[in-house]
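Trainee: The following block contains the structure, expressed as structure tokens.
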Amino acid sequence: MGAGHPVITNKQVVFAHSFKQTDKICLFDAGSGAVTMKVHDKEWPMAPATDTAAADGLLRWMEEYARRLSAGWYGGCKSDSMAKELMASGVQIAGAISLFPRVYPAAATAITRGVQVTWSSVFVPQESRLHGPGRLMFTYNVRYKLLTPE
Numbered sequence: 001m002g003a004g005h006p007v008i009t010n011k012q013v014v015f016a017h018s019f020k021q022t023d024k025i026c027l028f029d030a031g032s033g034a035v036t037m038k039v040h041d042k043e044w045p046m047a048p049a050t051d052t053a054a055a056d057g058l059l060r061w062m063e064e065y066a067r068r069l070s071a072g073w074y075g076g077c078k079s080d081s082m083a084k085e086l087m088a089s090g091v092q093i094a095g096a097i098s099l100f101p102r103v104y105p106a107a108a109t110a111i112t113r114g115v116q117v118t119w120s121s122v123f124v125p126q127e128s129r130l131h132g133p134g135r136l137m138f139t140y141n142v143r144y145k146l147l148t149p150e
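Residue numbering for the sequence shown follows our numbering, starting at 1 and increasing by one per position.
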């Protein structure tokens, strides 16, 4: 692959990819059954391989993802700047799923003076230093909803 693209082995299958080509991709390793996230040449486990020969990492990851979708943890969005850029260039997008949690315990909600505020955060491993002294990077999402008309 070209510059900026992660190296993928012949046993790995891409099953999810962010809008930007140089951003993260999610891989299923058909050899070990593990599910990983890869950015450039760094890789993080999402569903480690099990000790059995089941190679069920992708199934376990999809089951958890489906459970969270059906429980309302995640919701649809069209506000992503990259999605807007793609749509402006003529690419048809039915929608996207925001991976910022929307429900407790992964998100907090408060109502004050007729405004509902929901806050959540997501760990960003590709921007963090996980070993030794360094930093942990999180990204935050704050949503406001006016509950009473002015």
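For every residue, glycine included, the Cβ atom is placed at its ideal position computed from N, Cα and C.
Compare the C-alpha of ASP56 against each of LEU146, LYS38, ALA34 and PHE15 and name the closest.
Mentor: Of LEU146, LYS38, ALA34 and PHE15, the residue nearest in Cα terms is ALA34.
Trainee: Would you kindly work out how many angstroms separate the C-alpha atoms of TRP73 and ALA16, rounded to a whole number?
Mentor: Taking the straight line from one Cα to the other gives about 18 angstroms.
Trainee: For the alpha helix (DSSP H) that MET62 lies in, which residues bound it at each end?
Mentor: Its alpha helix (DSSP H) spans residues 57 to 70.
Trainee: What's the call for LYS145, buried or exposed, on a 16-neighbour Cβ count within 10 Å?
Mentor: Result: exposed.
Trainee: In the DSSP assignment, find the unbroken beta strand (DSSP E) run with THR148 in it and report its ends.
Mentor: It is not in any beta strand (DSSP E) - THR148 carries neither H nor E in the DSSP assignment.
Trainee: Looking at the strands, I want to know which residues DSSP matches up with TYR104.
Mentor: DSSP lists no partner for TYR104.
Trainee: Taking the beta strand (DSSP E) that GLN12 falls in, what are its first and last residues?
Mentor: Unbroken beta strand (DSSP E) run through GLN12: 12 to 17.
Trainee: LYS11 to ARG68, Cα distance in whole Å?
Mentor: The straight-line gap from Cα to Cα measures roughly 28 angstroms.
Trainee: Nearest by alpha-carbon distance to THR9: which of SER32, SER18 and LEU136 is it?
Mentor: For THR9, the nearest C-alpha among the options comes from SER32.
Trainee: Along the beta strand (DSSP E) that carries VAL122, what are the first and last residues, could you check?
Mentor: Where VAL122 is concerned, the enclosing beta strand (DSSP E) stretches over 115 to 123.
Trainee: Under the three-state reduction of DSSP, which class applies to ALA166: helix, strand or coil?
Mentor: An answer regarding residue 166 cannot be provided, because it is not within the stretch 1 to 150 covered by the chain.
Trainee: Should PRO101 go down as buried or exposed, given a rule of 16 or more other Cβ atoms within 10 Å for buried?
Mentor: So PRO101 ends up on the buried side.
Trainee: Excluding the five sequence neighbours on either side, which residues of its own chain have a C-beta within less than 6 angstroms of the C-beta of MET37, listed in chain order?
Mentor: Excluding sequence neighbours, MET37 sits near LYS24, CYS26, TRP44 and MET46.
Trainee: Buried or exposed: where does LEU147 fall if 16 or more other Cβ atoms within 10 Å of its Cβ makes it buried?
Mentor: Its Cβ having fewer than 16 others within 10 Å, LEU147 is exposed.
Trainee: Please state whether DSSP places ALA88 in a helix, a strand or coil.
Mentor: Helix, per DSSP.
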